[in-house]
Structures are given as structure tokens and as C-alpha cells.
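Residue numbers (the working numbering): 88 to 493. C-beta atoms are modelled at their ideal positions from N, C-alpha and C, and glycine is treated no differently.
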């Protein structure tokens with residue numbers, strides 16, 4: 088008996104756990120450092136006792152009112168003019184991205200992404216049948232002049248304009264670049280002039296170690312143009328799965344109707360609100376900044392010491408360093424050898440929306456957020472050994488045994 092075909096959006100093959108050594112050091116995922124995960128016992132107890140009738144029921148579909156009020160106040164302190172009615176609580180930022188895609192995209196629509204771009208967003212976008220318009224970026228972020236030229240070319244050809252521009256302007260994932268204020272202003276002006284939405288993915292904004300804050304893209308919004316996606320994953324704990332969309336009340340009302348969960352978990356929302364209301368978030372954010380600054384500095388030193396052939400920009404915040412290898416070195420091959428040698432990273436090819444476009448493949452992303460300084464030293468030594476093996480043409484290592492699920 089033959090089974091019916093799967094949906095077009097279904098992956099070609101199931102995702103299996105990649106084999107890794109039992110002593111593997113993970114630089115591939117943006118996990119939180121275990122030592123900064125907050126103790127939420129008191130907040131959880133309060134949520135399950137005093138607020139039991141709220142937290143064990145279905146939640147209001149926009150999110151708990153006190154949390155939406157707190158998020159709006161938090162964003163206003165950051166320069167963004169929003170009210171509670173502009174906020175929709177979601178199951179993390181990626182849920183917010185998916186909802187915005189449901190709202191805006193039809194099959195065959197075009198969206199703008201940077202080269203490279205956040206790799207987990209790519210399959211979300213692709214599942215909606217989009218076409219990608221790739222735009223370069225440099226030390227100042229997304230190249231708005233190039234984008235304007237690409238849009239003008241589409242207009243000359245009579246092609247439809249992109250539905251939205253997707254970007255991670257603060258400590259970009261994967262490159263770590265922060266978009267400059269002039270570029271942000273130019274992007275908003277271009278989008279407003281052409282009638283194109285902007286999806287500002289902003290999970291790392293408060294994970295800044297040095298340098299001056301730049302106004303968010305949403306803070307420059309002339310009115311309803313920018314959807315800003317935020318999350319508590321990088322501020323508190325990724326396992327809580329609570330994020331938000333900042334938009335307009337009209338768009339919030341439309342997004343709610345596309346929200347199949349019937350309302351994000353009220354228990355985790357209440358725990359987060361109690362934590363934030365207590366004033367603990369400010370000190371906790373400082374602790375995160377100090378810890379990740381230490382880890383970044385340690386990884387920068389390790390890369391300079393053990394992998395001097397590589398180049399990279401030192402990010403002022405975030406979780407990642409984008410490592411560029413010599414032009415003739417394949418980042419995919421280095422990644423494979425590094426995994427066999429006990430250090431997992433992500434090759435730059437995973438961050439390309441159009442991998443067939445002939446982009447250079449001599450990059451890897453390394454995350455400094457999760458590992459200890461000692462693990463960073465050893466992991467970078469393993470990565471450097473993998474690089475040396477690729478350069479020398481040494482035989483590949485055998486597939487590791489004793490794999491761990493990631």
C-alpha cells in the first residue's frame with residue numbers, strides 16, 4: 088500500500104541526531120550558560136499558589152495583561168513608543184516569526200534576507216513558499232544602497248516588491264554585526280517609501296558588553312511598518328519559551344486569529360512577570376553581560392592563539408563569532424572534522440538562504456555563550472586541529488561513537 092504524499096513544506100528526510108563524541112564541546116547552539124540560569128522557585132511557587140486559577144487555565148490569547156503592560160514599559164524605556172495593546176505574547180521569537188509569515192506571505196512572495204542570515208528562520212520562510220532576495224552586509228550591517236538598487240531593478244522589470252525585509256540588527260546572528268544608526272534610518276525610509284514591512288528580530292539587544300546603544304528599528308518606525316520580535320530566551324531562560332511581537336493593535340488582532348495555541352502558556356508568563364516585577368531582571372541582565380563578555384574575550388584570545396589563519400570581527404554583544412577561514416578552505420569540511428574531533432560548530436553554508444548562488448563557503452559560526460573558559464580553550468584547540476587537518480589533507484577521522492542527542 089502506498090501512502091499519500093507529504094506536504095510540499097515537509098522536509099525531504101527526517102532529522103536525526105548527529106553523532107558526537109561523549110566529551111564533545113558544543114559551540115554550535117546558542118544555549119544559555121548554565122551558571123546564569125535564574126532560580127525561579129519563588130516565582131513558580133507564587134504562580135502555582137496565589138495565581139493558580141490563572142496559571143492552570145487557558146490564557147488570554149493576546150497574553151497576560153500584566154506581562155503585556157510590563158513588556159510595553161520595558162520597550163518604552165528603550166525608546167520604542169508602544170502601549171500594551173501593541174504587544175502580542177508568543178511561544179518564543181520563532182513563533183512570532185512564523186505568525187508574521189502567516190499574516191503577510193502568500194506562495195511565491197519575495198522577502199529580503201541578508202547574506203548570511205539566521206539559519207533557523209530559513210526553513211520557516213521556505214515553508215511558506217517564498218522567494219529570497221539576498222542583500223550583502225558589511226561592518227555597518229545590511230547594505231541599504233544595494234537593497235535599493237535591487238528593488239529598483241525589480242520595479243524596472245515589473246516584478247512585485249518584497250513583502251518584508253528580515254534582519255537581526257543587534258549583534259546579528261550569525262555575524263555579530265550591529266547595524267549602524269544611519270543604515271537603520273535609511274532602511275526605514277526606504278521601506279516606508281516603497282511600502283515594504285520590516286521584521287526586526289531582536290533577541291540579543293540587551294546582551295551588550297560594550298559600545299553605545301543604537302535605537303531599535305522599531306523605535307524609528309513611522310507607524311505600523313515594523314514588526315519587532317523579542318524574547319526572554321536570551322535574557323532569562325530559553326526553556327520558558329516566551330516571546331512577543333510589538334506591532335499595532337490592528338495587527339495584534341489579526342495575529343491572534345492565526346495563533347493556533349489558543350493562548351501561550353500562562354504559567355510561564357506569570358513566572359516571568361513575577362521575576363520582572365520583583366526588579367530582579369536588571370541585576371540578572373548585568374550578570375549575563377558580564378558572563379558572556381568573559382566568554383567572548385576568552386574565545387577571541389583562543390582563536391587568535393590557536394587559529395591565527397582565521398579572521399573575525401569582535402562583536403560588542405550577543406552570542407557568536409563569525410570566523411572566516413582562508414578562501415581555499417571549506418567550512419563544511421572543517422565542521423565535519425571538528426565534530427569527529429570533539430568540537431561542534433555550524434558551517435557558514437547553513438546560513439545561506441540561496442546556497443546555490445555561489446557564495447564563499449569558508450566560514451563557520453562559533454557560539455561562546457554556553458561553554459566554560461576551560462571548554463573554550465580545549466574546543467578551539469580541537470577546531471584548530473580540524474582546520475590543520477583539512478589544510479594538510481590528512482585522512483578524515485572515523486565517525487564518532489557513543490553519540491549524544493542534541
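Asked                                                                                                                             : Found
Nearest-angstrom Cα separation, counted from residue 119 out to residue 324                                                       : 7 Å
Entirely enclosed alpha helix (DSSP H) segments - the segment 148-230, minimum 4 residues                                         : 152-164, 180-191, 208-214
Uninterrupted alpha helix (DSSP H) stretches inside the segment 362-436 (no shorter than 4 residues)                              : 367-393, 418-427
Own chain, CB closer than 7 Å to residue 462, minus 5 neighbours either side, in chain order                                      : 112
Among 109, 368, 239, the one whose alpha carbon lies nearest that of residue 124                                                  : 368
Straight-line Cα distance separating residue 422 from residue 391                                                                 : 19 Å
Same chain, Cβ closer than 6 Å to residue 470, five either side skipped, listed in chain order                                    : 425, 430
Under 8 Å between C-beta atoms of residue 304 and residue 273                                                                     : no
Enclosing alpha helix (DSSP H) for residue 252 [first to last residue]                                                            : Per DSSP, residue 252 belongs to no alpha helix (DSSP H); it is in the beta strand (DSSP E), 251-254.
Spatial neighbours of residue 291 in its chain, beta-carbon cut-off 7 Å, leaving aside the 5 residues before and after            : 257, 258, 321, 404, 405, 406
Rounded straight-line distance, which links the Cα of residue 333 to that of residue 173                                          : 6 Å
Distance between beta carbons of residue 331 and residue 187, contact taken as under 8 Å                                          : Contact doesn't hold; Cβ gap of about 12 Å is too wide.
Between the CA atoms of residue 360 and residue 279 - distance to the nearest angstrom                                            : 34 Å
From 475, 362, 375, residue whose alpha carbon lies closest to that of residue 395                                                : 475
Closest Cα partner of residue 190 within the set 341, 357, 289                                                                    : 341
Test item: CB-CB of residue 114 and residue 370 under 8 Å                                                                         : no
Inter-residue spacing [alpha-carbon to alpha-carbon] between residue 440 and residue 217                                          : 11 Å
Whole-angstrom distance between residue 236 and residue 281, CA atom to CA atom                                                   : 12 Å
Three-state secondary structure assigned by DSSP to residue 462                                                                   : helix
Own chain, CB closer than 8 Å to residue 93, minus 5 neighbours either side, in chain order                                       : none
Delimiting residues of the alpha helix (DSSP H) encompassing residue 130                                                          : 128-136
Span separating the alpha-carbon of residue 378 from that of residue 91                                                           : 51 Å
Residue environment, residue 389, which counts as buried when at least 16 other CB atoms sit within 10 Å                          : buried
Alpha-carbon to alpha-carbon, residue 223 and residue 156                                                                         : 37 Å
Beta-carbon proximity check, residue 313 vs residue 285, cutoff 8 Å                                                               : yes
Chain-order list of residues whose beta-carbon lies under 6 Å from that of residue 491 (same chain, five-residue window excluded) : Any reading at residue 491 must be qualified, since the residue scores a pLDDT of 34, below 50, and its modelled position is unreliable; the value itself is stated next. So the list reads 107, once near-sequence residues are dropped.
Presumed contact (8 Å Cβ cut-off) between residue 247 and residue 197, rounded CB distance                                        : 7 Å
Per-residue DSSP class, three states only, for residue 347                                                                        : coil
Residue from 427, 452, 211 with nearest C-alpha to residue 51                                                                     : The structure shown does not extend to residue 51, since the chain is modelled only from 88 through 493, so no value can be given for it.
Residue 238 in three-state terms, based on DSSP                                                                                   : helix
Exposure of residue 437, with buried meaning 16 or more beta-carbon neighbours within 10 Å                                        : buried
Residue 90 (DSSP reduced to helix, strand or coil)                                                                                : coil
Residue 334, DSSP secondary structure in three states                                                                             : coil
Pick from 289, 401, 363, 268 that is closest to residue 184, judged by C-alpha positions                                          : 289
Beta-carbon separation (whole angstroms), residue 162 vs residue 169, contact threshold 8 Å                                       : 5 Å
7 Å CB neighbourhood of residue 356 in its chain, flanking five on each side removed                                              : 146, 150, 151, 154, 176, 329
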